[in-house]
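Counting along the first sequence from 1, when you hit position 73 you're at 73 in full-length UniProt numbering, and nothing is skipped either side.
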Amino acid sequence: MGRCLRCCGDESSGGVKKGPWTPEEDQKLLHHIHKHGHRNWRLLPKLAGLNRCGKSCRLRWINYLRPGIKREKFSQEEEQTILHLHSILGNKWSTIASYLPWRTDNDIKNFWNTRLKKKLIQMGIDPVTHQPVIIDHYSMVEHALRLQQELEAQLANLRYLQIQYLSTISSYDDNLNGSIITNMEPFGLLNSISTISNENHNPVIHFPQLDSNNNHNYASFSDGIIGESSHFFDLSQEREGGTTINNDNSSWIIPPTSPSIAPDDDVN
DNA sequence: AAGGGTCCCAACCGCGTGAGG
DNA sequence: TCCTCACGCGGTTGGGACCCT
1 MGRCLRCCGD
11 ESSGGVKKGP
21 WTPEEDQKLL
31 HHIHKHGHRN
41 WRLLPKLAGL
51 NRCGKSCRLR
61 WINYLRPGIK
71 REKFSQEEEQ
81 TILHLHSILG
91 NKWSTIASYL
101 PWRTDNDIKN
111 FWNTRLKKKL
121 IQMGIDPVTH
131 QPVIIDHYSM
141 VEHALRLQQE
151 LEAQLANLRY
161 LQIQYLSTIS
171 SYDDNLNGSI
181 ITNMEPFGLL
191 NSISTISNEN
201 HNPVIHFPQL
211 DSNNNHNYAS
221 FSDGIIGESS
231 HFFDLSQERE
241 GGTTINNDNS
251 SWIIPPTSPS
261 IAPDDDVN
């Protein structure tokens with residue numbers, strides 16, 4: 001970094017002191033400002049007997065010596081105010097500071113850069129736009145894969161419970177064709193599976209119905225994970241004693257036991 | 001105890017702007 | 001209209017304090 005030539009001159013002209021201010025320098029500056037004010041920052045250091053540039057004096061006064069500056073930690077209310085103002089004004093630190101006159105723009109800027117910005121990022125909020133961060137393609141794929149795994153785990157449980165349910169109803173075909181289901185408890189259990197992997201996933205089980213084209217009975221499950229995607233299972237296959245359940249695209253091998261519910265559990 | 005990393009804040013720097021000649 | 005100067009602002013840095021291994 002070079003010296004600010006415009007106000008401080010260069011090294012050959014003797015230069016001025018840089019770095020932290022000493023208590024003696026603070027006293028000199030305070031004494032001078034109390035006595036003469038600070039009408040001309042460029043002349044002030046000479047008049048005050050300070051080997052500093054005017055800019056440095058001004059900054060020391062504004063950010064540290066000026067009366068009424070609050071130096072304690074930022075309160076929750078101040079934090080909220082800064083967040084709100086920043087969402088409207090952006091990095092207009094002096095404007096934001098005008099709403100908190102006991103804080104300097106430098107303090108607010110430091111507080112933002114060291115605390116609030118990181119806090120927002122951790123919360124998944126873009127500190128510039130104050131909007132939730134849009135995840136990139138890679139993250140999106142990872143997210144989708146994870147959801148798919150969770151979904152498949154749920155479906156495994158659903159399949160097992162389906163079998164349990166089917167074994168509890170005696171006149172299966174007749175009742176389902178008319179959509180008359182007397183024992184709803186298994187469906188309640190199916191709905192409760194949402195807690196298996198994620199409480200936000202909320203499968204909704206629709207009534208089994210007759211497919212008029214091929215005479216198969218279907219139950220559909222809207223999983224509530226990605227939009228309203230549904231999974232259709234051919235119940236007839238199971239009723240006929242087969243080992244597979246077909247959904248709209250593929251066959252599923254029925255597991256010998258449920259991943260989460262012991263075979264001996266009474267699902268009724 | 002020591003050293004490396006991180007956090008935090010005071011201070012610096014360069015640029016934009018407006019006033020005045 | 002142009003130039004110079006002083007001021008104010010926002011970005012950045014330096015270094016002490018603190019934390020972790």
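All C-beta atoms, glycine included, are put in the ideal place defined by N, C-alpha and C. These numbers were taken from a predicted model, which means no experiment stands behind them.
Straight-line CA distance for I88 to L29?
36 angstroms
Give me the Cα-Cα distance between L59 and E79, rounded to the nearest whole angstrom.
24 angstroms
Tell me the DSSP bridge mates of P132?
I125
For S94, collect the residues of the same chain with a Cβ closer than 6 angstroms to its Cβ; drop the 5 residues on either side in sequence, then sort them by chain order.
D105
Would you report the Cα separation of A97 and I108, rounded to the nearest angstrom?
7 angstroms
What are the start and end residues of the alpha helix (DSSP H) that includes C57?
G54 to R60
V16 to Q122 span [Cα, whole Å]
42 angstroms
Within 7 angstroms, strictly: CB atoms of W45 and G54:
The question names Trp, yet the displayed sequence has Pro at residue 45. Yes.
DSSP three-state call for H38: helix, strand or coil?
coil
Just mark R42 as buried or exposed, buried being the case when its beta carbon has 16 or more other beta carbons within 10 Å.
exposed
Taking the C-alpha atoms as reference points, what is the distance between L100 and T129?
22 angstroms
How would you label L47, buried or exposed, when you count the other beta carbons within 10 angstroms and need 16 or more for buried?
exposed
Starting from K109, trace the alpha helix (DSSP H) both ways and give me its first and last residue.
D105 to F111
Within the continuous alpha helix (DSSP H) that includes I82, where are the two ends?
Q76 to L89
Locate the alpha helix (DSSP H) running through Y64, then write down its first and last residues.
Counting along the chain, Y64 falls outside any alpha helix (DSSP H), and DSSP gives it neither H nor E.
Does DSSP put E72 in a helix, a strand or coil?
coil
What residue range does the alpha helix (DSSP H) around P45 cover?
L44 to A48
Output the boundary residues of the alpha helix (DSSP H) element that contains W93.
W93 to Y99
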